[in-house]
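Structure record follows, encoded as structure tokens.
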Amino acid sequence: MRRPIIYIGIVGLILLTACSFIANADESSDSTNSAAPLSYEVTMESDIVEFDEYHITIHYPQTPNNQINQTIIDYVNQRKAAFKKESYQSIQKHGKTKSHELHIDFEVLHQGSSFFVVRFEESMDVGLPTLLHAQTIMNFDKKNGKRIEPDQLFKEDRNYVDQLAELTKEELMKETGAEVFHSSELQEALKSSYLENIALTTKGIEVYLNQSSEKIPDKIVLGQRSINDLLKEEFASALKAEGESRREKKTSIEDPPSSKSEKETVVKSQSDVKKVAITFDDGPHPKVTPEILQVLDEYKAKATFFMIGKRVNYFPEVAQRVAEKGHEIGNHTWDHSRLTRLTPEEVDEQISKTQEIIEEVTGVQPEVVRLPFGEQPPISQKNLQVIPSDVSGENWQGKEAVELAQDMINEAKDGDVILLHDLQGSTVEVLELVLDALSRQGYQFVTVSEL
Ligand code: ZN
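Start counting the sequence shown at 104; every next residue gets the next number (my numbering).
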């Protein structure tokens with residue numbers, strides 16, 4: 104069921120991090136005296152690129168610490184560059200196949216007063232028979248914003264590599280039993296450089312394994328007691344303190360709005376009024392989406408926002424505002440994965456999780472869905488209508504706002520669904536031009552469900 108997976112090395116990444124580490128080494132000593140907040144306000148950025156040749160979706164976190172942010176941005180840029188190179192080489196070698204894809208998502212594994220820990224999961228399709236998978240875990244020291252490497256964490260005289268390997272094996276033996284433990288898959292997973300993938304958490308240290316089979320757990324936990332001896336004093340006590348003072352800041356939404364504005368009843372249509380539905384994909388965005396709302400208000404236009412579930416979870420108040428203004432919210436999957444690569448169960452989860460978060464935040468369950476990259480795989484949620492787009496402006500990502508707007512205005516006709524993207528700041532200008540021109544031509548702007 105699970106496709107065979109190849110884990111690719113990340114030597115380049117390590118080199119790069121090492122470089123930025125050296126480059127930054129001299130500039131952060133002044134930040135040590137300011138007390139770090141217990142928990143960062145973490146926001147989420149999404150970098151989504153759609154060309155014929157390739158698709159990129161990268162989600163990554165940003166924090167109030169600039170040094171951490173820069174390290175993460177360096178990593179994102181490095182992965183993008185590596186992907187483009189692989190993709191180009193593959194096309195040179197094998198000719199052009201289906202469009203290639205890079206998908207990176209993240210989870211914040213831990214944050215407390217001392218550490219901020221994030222894990223990235225990468226998958227890359229460059230036309231090879233198997234997807235390339237990798238993961239990168241970054242443990243940041245909040246005092247100075249620097250990455251903590253394993254050899255800084257552990258006492259030099261304790262031969263920590265062997266000791267950790269020993270502890271990891273013991274734990275695995277307990278968890279999987281002898282049969283799995285001696286399987287070739289597990290031996291394979293243990294051979295690779297899994298000790299790079301360790302995360303500091305309140306439980307102790309989590310060791311992420313390079314998974315090649317479902318029998319093998321994603322990770323094992325080495326409890327504080329078992330690793331205390333190996334850790335340098337400063338880290339052992341910091342980790343202990345985090346465990347004790349932990350006050351988990353929940354990112355989920357505590358109180359969904361009790362009342363939500365009823366969707367405005369549409370001014371009843373005289374049948375001769377021309378209508379279009381303007382739609383926005385990939386949001387919500389904390390800055391661009393509110394600007395879009397303002398422009399829509401000026402033209403008394405209603406629109407539909409196809410939102411990424413994970414972004415709704417990060418920016419619930421933006422999604423709430425969209426709903427309160429009487430616009431429609433649609434489902435654009437949880438993390439903008441290319442659905443044709445997923446199993447039916449995974450597709451189902453992408454859609455359901457997004458339905459749930461949107462309903463939790465806005466009180467309304469979406470009735471429409473748009474699938475990323477214009478794909479149309481079958482989905483099991485029969486109550487959801489899949490909405491393609493009619494007008495998207497060819498190669499929109501390379502175009503100036505005025506040029507793109509002009510293309511859309513020329514192309515639009517009665518009953519069309521127009522596609523824009525609310526991650527791009529330039530969308531606000533495009534929207535203004537489109538609304539201005541089409542309202543002069545007598546168009547009304549409605550949600551897709553009203554169309
Ligand atoms: Zn999209």
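Note that the Cβ used here is the ideal one computed from N, Cα and C, for glycine as well.
Member of I482, L298, I151 and E153 whose CA lies at the smallest distance from the CA of L325 = Start at 1 with the first residue of the sequence shown, and residue 325 comes out as number 222. Of I482, L298, I151 and E153, the residue nearest in Cα terms is L298.
Where Y417 and V391 are concerned, what is the direct C-alpha to C-alpha distance, given to the nearest angstrom?
-> Indexing the sequence shown from 1 puts residue 417 at position 314. Indexing the sequence shown from 1 puts residue 391 at position 288. Rounded to the nearest angstrom, the two C-alpha atoms are 15 Å apart.
Identify whether S226 lies in helix, strand or coil by the three-state DSSP scheme.
-> Counted from its first residue, the sequence shown places residue 226 at position 123. For S226, the secondary structure class from DSSP, reduced to helix, strand or coil, is strand.
Enumerated in chain order, which unbroken segments of the beta strand (DSSP E) with a length of 3 residues or greater are wholly contained in the region 157-202?
-> Annotation note: the region 157-202 contains the following uninterrupted beta strand (DSSP E) runs of length 3 or greater, listed N- to C-terminal: 157-165.
Classify E535 as helix, strand or coil using the three-state DSSP reduction.
-> In the sequence shown, counting from the first residue as 1, residue 535 sits at position 432. It is helical.
Own chain partners of Y163 with C-beta closer than 6 Å, once the 5 adjacent residues on each side are dropped | Locating residue 163 in the sequence shown gives position 60, counting from the first residue. Cβ contact annotation for Y163 (same chain, cutoff 6 Å, sequence separation greater than five): E148, I175, V179 and F209, in chain order.
Under 8 Å, do E189 and V229 count as touching if we go by C-beta distance?
-> Position 86 of the sequence shown, counted from the first residue, corresponds to residue 189. Position 126 of the sequence shown, counted from the first residue, corresponds to residue 229. Result yes, Cβ atoms of E189 and V229 sit closer than 8 Å.
What are the partner residues of I151, as DSSP defines its beta bridges?
-> Here the question's residue 151 lines up with position 48 in the sequence shown. T160.
What three-state label does DSSP hand T305 in the structure shown?
-> To locate residue 305, count along the sequence shown from 1; it is residue 202. Residue state, collapsed to three classes: coil.
Three-state secondary structure assigned by DSSP to E204 = As a position in the sequence shown, residue 204 is number 101, starting the count at 1. Residue state, collapsed to three classes: strand.
First and last residue of the beta strand (DSSP E) that includes N434?
-> In the sequence shown, residue 434 corresponds to position 331, counting from 1. Per DSSP, N434 is one residue of the beta strand (DSSP E) stretching across E431 to N434.
Is the region 328-342 touching the region 261-278, taking contact as three or more C-beta pairs under 8 Å?
-> By the Cβ test, the region 328-342 is in contact with the region 261-278, since at least three Cβ pairs between them sit closer than 8 Å.
Should H435 be listed as close to the ligand ZN, given that the test is whether its C-beta is under 7 Å from any heavy atom?
-> For the purposes of this step, residue 435 is identified with residue 332 of the sequence shown, where counting begins at 1. Yes, since a heavy atom of the ligand ZN falls inside the 7 Å radius drawn around the Cβ of H435.
What's the C-alpha gap between E463 and E553?
-> As a first step, residue 463 must be located in the sequence shown, where it is residue number 360. As a first step, residue 553 must be located in the sequence shown, where it is residue number 450. If you take the alpha carbons of E463 and E553, they lie about 23 Å apart.
For D321, which of helix, strand or coil comes out of DSSP?
-> Taking the first residue of the sequence shown as position 1, residue 321 is located at position 218. The answer is coil: DSSP assigns D321 none of H, G, I, E or B.
When DSSP builds the beta bridges, which residues end up paired with T382?
-> Taking the sequence shown and counting its residues from 1, the one referred to as residue 382 is at position 279. In DSSP, T382 forms a bridge with T407 and L522.
Would V467 pass as a contact of I432 if the rule is Cβ separation under 8 Å?
-> As a working note, residue 467 is residue 364 in the sequence shown. As a working note, residue 432 is residue 329 in the sequence shown. In this structure, V467 sits near I432, with a CB-CB distance shorter than 8 Å.
Excluding the 5 residues preceding and the 5 following A339 in the sequence, name in chain order all residues of the same chain whose CB lies nearer than 7 Å to its CB.
-> On the sequence shown, residue 339 is found 236 positions in, with the first residue counted as 1. Only residues of its own chain outside the window of five on either side were considered, and among them N331 have a CB closer than 7 Å to the CB of A339, listed in chain order.
CA-to-CA distance, L212 to G346, given in whole angstroms | What you label residue 346 is simply residue 243 of the sequence shown in a count that begins at 1. What you label residue 212 is simply residue 109 of the sequence shown in a count that begins at 1. Those two C-alpha atoms are separated by around 14 Å.
Residue nearest to Q165 in terms of C-alpha spacing, selected from H236, H158, V145 and R182 = Numbered from 1 along the sequence shown, position 62 holds the residue referred to as residue 165. Restricting attention to H236, H158, V145 and R182, the CA atom closest to the CA of Q165 is found in V145.
Which class does R239 belong to by DSSP, given the choice of helix, strand or coil?
-> Numbered from 1 along the sequence shown, position 136 holds the residue referred to as residue 239. Per the sequence presented here, residue 239 reads as Thr, with Arg not at that position. Looking at T239 - three-state DSSP - the assignment turns out to be strand.
Does the distance from the C-beta atom of E156 to that of S202 stay below 8 Å?
-> In the sequence shown, residue 156 corresponds to position 53, counting from 1. In the sequence shown, residue 202 corresponds to position 99, counting from 1. The Cβ atoms of E156 and S202 sit closer than 8 Å to each other.
By the 10 Å Cβ neighbour count, where 16 or more other Cβ atoms means buried, how is F186 classified, buried or exposed?
-> The residue you call residue 186 lines up with position 83 of the sequence shown. Buried.
Rounded separation between F257 and D400 - CA only = Your numbering for residue 257 matches position 154 in the sequence shown. Your numbering for residue 400 matches position 297 in the sequence shown. Taking the straight line joining both Cα atoms gives about 58 Å.
Nearest to Q458 by CA position, among H388, H197, H435 and T443, is which residue?
-> Within the sequence shown, residue 458 is the residue found at index 355, counting from 1. Of H388, H197, H435 and T443, the smallest CA-CA separation from Q458 is found for H435.
State the DSSP-derived secondary structure class of T146, mapped to helix, strand or coil.
-> Translated into the one-based positions of the sequence shown, residue 146 becomes position 43. In the structure shown, T146 sits in a strand (DSSP, three-state: E or B).
So P393 packs on V415, CB below 8 Å; how close in whole Å?
-> Indexing the sequence shown from 1 puts residue 393 at position 290. Indexing the sequence shown from 1 puts residue 415 at position 312. Incorrect: roughly 15 Å between the Cβ atoms, too far for contact.
Mind reading off the beta-carbon distance from D519 to V379? Whole number of angstroms is fine, and I expect it under 8 Å.
-> For the purposes of this step, residue 519 is identified with residue 416 of the sequence shown, where counting begins at 1. For the purposes of this step, residue 379 is identified with residue 276 of the sequence shown, where counting begins at 1. Confirmed, about 5 Å.
Helix, strand or coil for L212, going by three-state DSSP, please let me know.
-> Reading the sequence shown from its first residue, position 109 is the one you call residue 212. Here L212 sits in strand by DSSP.
Taking I308 as the reference, give the member of S142, P253, R424 and M276 with the closest Cα.
-> Counted from its first residue, the sequence shown places residue 308 at position 205. Nearest option by C-alpha distance: P253.
If you run the structure through DSSP and keep just helix, strand and coil, what is V369?
-> Indexing the sequence shown from 1 puts residue 369 at position 266. The predicted position of V369 is uncertain, since its pLDDT is 37 and thus under 50; no value can be drawn from it.
Identify, in the order they occur along the chain, each residue of the same chain with its Cβ nearer than 8 Å to the Cβ of H430, setting aside the five sequence neighbours on each side.
-> Taking the sequence shown and counting its residues from 1, the one referred to as residue 430 is at position 327. If we look at H430 and ignore the five residues flanking it on each side, its Cβ neighbours are L396, L399, K405, A406, T407, F408 and T550.
Which whole-angstrom value is the C-beta distance of A302 and N242, which I expect to be below 8 Å?
-> Walking along the sequence shown from the start, residue 302 turns up at place 199. Walking along the sequence shown from the start, residue 242 turns up at place 139. A302 to N242, Cβ: 6 Å. Contact.
Taking buried to mean at least 16 other C-beta atoms within 10 Å of its own C-beta, is K485 buried or exposed?
-> Start at 1 with the first residue of the sequence shown, and residue 485 comes out as number 382. That one is exposed.
Buried or exposed (CB count within 10 angstroms, at least 16 for buried), H206 | As a working mapping, residue 206 is identified with position 103 in the sequence shown. Counting the other Cβ atoms within 10 Å of the Cβ of H206 gives 16 or more, which makes it buried.
Under 7 Å from any heavy atom of the ligand ZN, does the C-beta of I151 make it?
-> Position 48 of the sequence shown, counting from 1, holds the residue named residue 151. Because some heavy atom of the ligand ZN lies under 7 Å away, the Cβ of I151 counts as near it: yes.
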